Each structure stands twice: as structure tokens, then as C-alpha cells.
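Just so we're aligned, residue 0 is where the sequence shown starts under numbering that gives the first Met the number 0, counting upward by one.
Virtual Cβ for every residue (Gly too), placed ideally from N, Cα, C.
Small disclaimer: the values here were computed from a predicted structure and weren't measured.
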Amino acid sequence: MKGICTLANDRVYDQLIALLNSIEATMGKDFPICVYPYDDQITAISTVIAKRPQVQLYSDALVMAEWDNYIKAIWDIHPNARQRWLQAGSTGYHRLGTHHRYYAFDGPFSSFLYMDADTLLLSPVDSIFALLEQHNCIVYDFQYKDPSHVYQVDSPRLTSIFASNRLKKEIFCSGFYASKGNLFPPSQREWLFNQLQAGDIEILYPMAPDQTILNYLMMKSNYSIYNLALNLPTQVKTGNSVTSSHFVQKDMLLYDHGHPLTYLHYIGVPSQLFTRVCRGENLDFPYREIFLSYRYLYEPENKPKFQGKAKPYNQPPNLWQRISRKIGL
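See the structure below:
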């Protein structure tokens, strides 16, 4: 069975509703969806999920514990992850919940599309699922332009593990990718851990922890990674990030030079900003209207009615915004 999955907790309540509504509007109300818990703060989103028969909240404690222990074991052997996390003000395992997207490899779907909660699905993805018949992982992003936020590019070991041509075409953003269940059974995970323990661990970039491990697991396993951004004809290729200001909205879709976006990623927009806007604060952020259209798709009467001009959200560009601009999203 195929389906779409995401990662969420109550902090992304409004984003999750918008994402679920966009999937329903694009793929139909019966299309299966699985939500993986970021942490145990899931009271509000559980209520939302319970109202949708096609959506399930993942709860297999054994699978979740196995993956969590595996991830902790990996970071425990990293030479300087703890030090860098402490310098960044993070105690414990940095953003441990982001790794919970890996549950999908042992989840309910034989093939799945993972989407971050701060995304919207804007075009059907049947062709992406079809490509999984030939490849292990389908992506659509431009992260390959900036490998420094996937691997430690200053590690001399990096190009001895992965040839330069692979680094230029296989690395990807962990916010949107399609793959298959059971790609990483216990025996494969054990082999990969042994490779990391033998020295590969030094190439993992600890400040994007789930993204670096996911890329390593895929690439070290020599799984086929197909990036639509590298394979689609130039004239139909589109961007996907809110850092691109030239997208044109028509109804509830966005277009990049006349071509519809597959998805929109609100990368770098803080979750609390969505919450504040949904509570009625007239704060602006890129493509706010299309987010609100999907957030209140089934309850337009509750959509905030703003008065006057929106206040600009003039926070200095954060890390992801700088990265996105650097790689031309």
C-alpha cells in the first residue's frame, strides 16, 4: 500500500491541518496518510487525526524504540557532535524528534512519500510513486548545490566514501522524499553502524542531524536516488521553497514561470508565526494566503479577518533562509 506521511506534534498544529487538507484536495479524501509523533506533545493533533478516517497516528512502540536507540548509538560515537550541540545551546541529543521520520521505513506503507509538516502538496504525486518502481528514493530539491549542510565537507574521508560525482547528484533535503518500506532491516542497520564506527562517522554533519544520517543510510547502501530537479526538462522544472519570491498564485495553486509547483516548503518560517497568524495577528510571511486557504479549507468562516496592512515579518534571515538563497531556491 502506498501513502503519504509526515512528522508532527502540537507545536505544528496549524501546519499539520494545512498539509492534511492540501493532500486531500490534491490526492483525494481517501488517500492514506500516517503521522509520526515528533514527541509526546500530541494531544491537539490527535483530535484532528481522529476525525479523518484515512489518517493514522503511528504508535508502534517497539519500532519507535528500535530507531531511537539506533540514532542515539550513532551520535554517541560522533567525535564532536555533543560539543557542537552544547555550543549551539542544545542539551541532550539535538533535535532527536526529527529522526522519527525514519519510522516510515517500518511503517504501514510499502511505498511512501514523506513531507515535512511545514509543506503543502500542490500537484498529484502519482508519477513520483511510479518512479519508485525503478528507484529506491525519489527527491525533488536543490540541496545538491550545498553539500555542506548534509556532510562535513572538510573531512578528507568524504570523497573516499562517496565519489565527487555522487555528491553532486545524490544528496538531498530530508523534507520531501519518496521511498520504500523495509529498506533498512536490522541486518542492514547493523552493517551501516559498523561502517560508521569504523570511521565513516566523521563525515556526518551534526547540525542537520536527521538529514545527514538519512543521506548516509541511502548513499552508503548504494540505493538508487533519483532527483527530479536534475532529471526534469529545464522548461518544466520548478522551485519549491518560500525563499523564491517569483511564484504566481492562481486559485489554490502556485506556478513557477507558468508551471505548477509539486509542493511548497515553508522552510525557515517559525512554527509560532503560523500559530500567531491563525490566532488573528496580521503578520506577513511569504505565500501567507495560500497557507491560510488550505488551513481553513473546510472552515472558511474561521479564517482570520485581518484589518489594514499586514506587519512585515522582518526577522533577519535565519540559517535555512540563507542556505536556500545560497543554492538558488
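Measure how close the beta-carbons of L157 and Y262 come, nearest whole angstrom, since I'm counting them as under 8 Å. Actually they do not touch by this definition, with Cβ atoms about 29 Å apart.
Between which two residues does the alpha helix (DSSP H) containing L231 stretch? No alpha helix (DSSP H) contains L231, which DSSP labels as neither H nor E.
Considering only DSSP beta bridges, list what H264 is partnered with. T118, S240
Any idea what DSSP makes of T211, helix, strand or coil? helix
Nearest-angstrom Cα distance between P185 and P123? 33 Å
Taking the DSSP output, what are the residues bridged to G2? F111
May I ask you to report which of helix, strand or coil DSSP gives G327? With a pLDDT of 49 at G327, under the threshold of 50, the predicted position of this residue should be treated as unreliable, and no value is reported.
In whole angstroms, what is the alpha-carbon distance linking Q271 and Q14? 10 Å
Helix, strand or coil at A64 according to DSSP, with G and I counted as helix: helix
In terms of residue numbering, what span does the beta strand (DSSP E) encompassing I200 cover? Element bounds for I200: n/a, residue is neither H nor E.
Do V62 and Y12 have their beta-carbon atoms positioned less than 8 Å apart in this structure? no
The alpha helix (DSSP H) that contains C136, what's its start and end? Looking at the DSSP string, C136 is not in any alpha helix (DSSP H); the run it does join, the beta strand (DSSP E), is 136 to 138.
Please look up how many angstroms separate the CB atoms of D199 and I160, rounded, as I've assumed it's under 8 Å. 6 Å
Helix, strand or coil for P52 per DSSP? coil
Taking all protein chains shown into account, decide if R278 is buried (16 or more other Cβ within 10 angstroms of its Cβ) or exposed. exposed
Using 8 Å for Cβ pairs, my map puts Y295 next to K302. What's the rounded Cβ distance? 4 Å
How is the beta strand (DSSP E) around V247 delimited, first residue to last? 247 to 249
Output the distance between the C-alpha atoms of Y215 and L203, rounded to the nearest integer angstrom. 8 Å
Between the C-alpha atoms of D38 and G96, what's the straight-line distance to the nearest angstrom? 6 Å
Report yes if the CB atom of F192 is closer than 8 Å to the CB atom of H264, and no otherwise. no
Assigned secondary structure, A72 (DSSP; H/G/I helix, E/B strand, else coil): helix
Spatially closest choice to Q306 from P299, Y297, D283, Y293, by CA coordinates: D283
Out of L6, D250, V247, Q142, which has the shortest C-alpha to C-alpha gap to H98? L6
Where D255 falls: helix, strand or coil (DSSP): strand
Give every residue of the same chain whose Cβ lies closer than 6 Å to the Cβ of S21, excluding the five residues on either side of it in the sequence, and list them in chain order. L119, L120, Y293
For I16, list the residues DSSP reports as bridge partners. Answer by DSSP bridge pairing: none, since I16 is not bridged.
Suppose you measure from the CA of V149 to the CA of K167; what does that come to, to the nearest Å? 12 Å
Within the chosen definition, does the region 50 to 58 reach the region 23 to 38 through at least 3 CB pairs nearer than 8 Å? yes
Using the DSSP secondary-structure output, state which residues sit across from Y176 in a beta bridge. Y113, V138
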